[in-house]
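Chemist:
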Amino acid sequence: MLIAGLVLIALALVLFALELFVPSGGILGAGGVVALVLGGIIAFRDTPSEFQPSKILLGVLAFFIVGMFVSLAVGVARVRRMTGDIGTAALVGKVAVARTPLSPDGFVFIQGERWQASLEEGAAQPGDRLRIVGAEGLRLKVQKEKAQ
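For the sequence shown, position 117 matches number 117 in our numbering, and the numbering has no gaps at all.
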């Protein structure tokens, strides 16, 4: 029975690994939990009781593994729902501060980062507030912010 139990435990590990890469909706993970618990019970069935794992320990282990997979699934679902502009697209509409004179090219500072920028018209001095209106590669297109 030891071999059958160890095979079930190995199967559980394979199912857990597959769950991470195959979209199964948790079926592989659930199968892995069942295989792990049954493998733990079967592997040590013929051994003296002092060497058998506690049924409570196996239950707690299964509970934590299920909890881990549920929290992982919730996190993945949350990330998939996120809409996200990244890179320069996320900066359009935000306000940057000129770090160097722009006439029309120079550097601006936004969200703790220094970016190359091109001013669409006019000139800007260090400290001027500039609205980001677009991007061309890694160069931001900016306009002087209108005084309010």
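In this text, a Cβ means the ideal position worked out from N, Cα and C, and glycines have one as well.
Quick one, which of Gln111, Ser103, Val70 and Asp128 has its alpha-carbon nearest glycine 26's?
Modeler: Counting from 1 along the sequence shown, the entry for residue 26 is found at position 26. Selected option, being the one with the closest Cα: Val70.
Chemist: Leucine 18 to valine 133, Cα distance in whole Å?
Modeler: If you number the sequence shown from 1, residue 18 lands on position 18. If you number the sequence shown from 1, residue 133 lands on position 133. Each residue's alpha carbon lies about 45 Å from the other.
Chemist: By how many angstroms is the C-alpha of proline 23 removed from the C-alpha of leucine 8?
Modeler: Taking the first residue of the sequence shown as position 1, residue 8 is located at position 8. Taking the first residue of the sequence shown as position 1, residue 23 is located at position 23. Between leucine 8 and proline 23, the C-alpha separation is close to 22 Å.
Chemist: Evaluate contact between the stretch 73–83 and the stretch 39–53, counting only Cβ atoms and requiring at least three cross-stretch pairs below 8 Å.
Modeler: Not touching, per the Cβ criterion.
Chemist: Looking at the strands, I want to know which residues DSSP matches up with glutamate 120.
Modeler: Along the sequence shown, read from residue 1 onward, the residue named residue 120 stands at position 120. For glutamate 120, which the question treats as bridged, DSSP gives no partner whatsoever.
Chemist: According to DSSP, simplified to helix, strand and coil, what is valine 142?
Modeler: In the sequence shown, residue 142 corresponds to position 142, counting from 1. Strand at valine 142.
Chemist: Quick check: is the beta carbon of phenylalanine 69 nearer than 8 Å to any beta carbon in chain D?
Modeler: The structure shown contains no chain D; it is built from a single protein chain.
Chemist: If you draw a straight line from the alpha carbon of phenylalanine 16 to that of alanine 10, how long is it in whole angstroms?
Modeler: What you label residue 16 is simply residue 16 of the sequence shown in a count that begins at 1. What you label residue 10 is simply residue 10 of the sequence shown in a count that begins at 1. Whole-angstrom Cα-Cα distance: 10 Å.
Chemist: Report yes if the CB atom of glycine 122 is closer than 8 Å to the CB atom of lysine 144, and no otherwise.
Modeler: Start at 1 with the first residue of the sequence shown, and residue 122 comes out as number 122. Start at 1 with the first residue of the sequence shown, and residue 144 comes out as number 144. The answer is yes: Cβ separation under 8 Å.
Chemist: When you compare each of Gly112, Phe21, Gln111 and Asp105 to valine 142 by their alpha carbons, which one comes out closest?
Modeler: On the sequence shown, residue 142 is found 142 positions in, with the first residue counted as 1. Among Gly112, Phe21, Gln111 and Asp105, the Cα nearest to that of valine 142 belongs to Asp105.
Chemist: Tell me which same chain residues have a C-beta within less than 7 Å of the C-beta of arginine 129, skipping the five on either side of it?
Modeler: Position 129 of the sequence shown holds residue 129. If we look at arginine 129 and ignore the five residues flanking it on each side, its Cβ neighbours are Val95, Val97 and Glu145.
Chemist: If you count every other CB in all the chains shown that lies within 10 Å of the CB of alanine 90, and 16 or more means buried, which is it?
Modeler: Residue numbering aside, residue 90 sits at position 90 when the sequence shown is read from its first letter. Answer is exposed; the Cβ neighbour count stays below 16.
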